[in-house]
Amino acid sequence: MKGVTVVIERKIVQADFVETTSQKEEFELALSRLRQQRGAQMPLLQETQRIYGYLPKEVLERMAKSLDVPLEELYSTATFYSQFSFIPKGEYTISICMGTACYVKGAGDILDDLAMRLEIKSGETTEDKKFTLESCRCIGACGLAPVLKVNEEVYGRLNKKKSEKVLATYQKEASSV
């Protein structure tokens, strides 16, 4: 098990890579299925993110070797797209849309409120690894602005009170697990 050190807003975050047998098997299956496809990098990065919740360096190294591409090329592709993360995220990722429609309808206030309630900043994960809070650009539901996503579930026409209810639902779910 190797540790990866990442500096986020002048805070050092230590992330130890732990891979389950099922994750390794699922990754190897995706790799064998996609490796020969033209343009395999993007779908493999997406599959890796889905399997692990982020892009572990150790897995990217295996991917680079299998695809016969430099590791730097994978990093270059992954850093271009905001959907990818190099650090583990919480069980529930709350993404607040900061696109124009959402922002002008109060998304910034919702983000600030949820950050205060979770006691983290945007881009951080709670100590118990249950919640990651982040801002994103346009979810594509402008008619429902302001919008947030919890993992893949979209909630629209929000205000601070409604967003607090959404958070409370997931906090209750997280504490019952």
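Counted from 1, the sequence shown has number 76 at position 76 by this note's numbering; the numbering is strictly sequential. C-beta atoms are modelled at their ideal positions from N, C-alpha and C, and glycine is treated no differently.
If you draw a straight line from the C-alpha of Lys65 to the C-alpha of Gln83, how long is it? 23 Å
Host alpha helix (DSSP H) of Lys149 (start-end): Looking at the DSSP string, Lys149 is not in any alpha helix (DSSP H); the run it does join, the beta strand (DSSP E), is Leu148 to Val150.
In this structure, how does DSSP classify Leu111 when only helix, strand and coil are distinguished? helix
Between the segment 122-133 and the segment 89-105, do at least 3 Cβ pairs fall closer than 8 Å? yes
Report the partner residues of Phe131 according to the DSSP bridge assignment. Tyr92
Return the CA-CA distance between Ser135 and Val104, expressed in angstroms with no decimal places. 14 Å
Distance CB(Ile87)-CB(Tyr52) smaller than 8 Å: no
Going by DSSP in three states, Tyr54 sits in which element: helix, strand or coil? coil
Please work out which residues of its chain come closer than 7 Å, Cβ to Cβ, to Phe27, disregarding the five sequence neighbours upstream and downstream, and give them in chain order. Thr48, Ile51 and Val59
Please classify Gly99: is it buried, with 16 or more other beta-carbons within 10 angstroms of its beta-carbon, or exposed? buried
For a test of your reading of the model: does the CB of Asn159 fall under 7 Å from any non-hydrogen atom of the ligand ADP? Yes or no. Annotation note on the ligand ADP: not contained in the displayed structure, which lists no ligands.
Beta-carbon spacing of Cys102, Pro146 below 8 Å: yes
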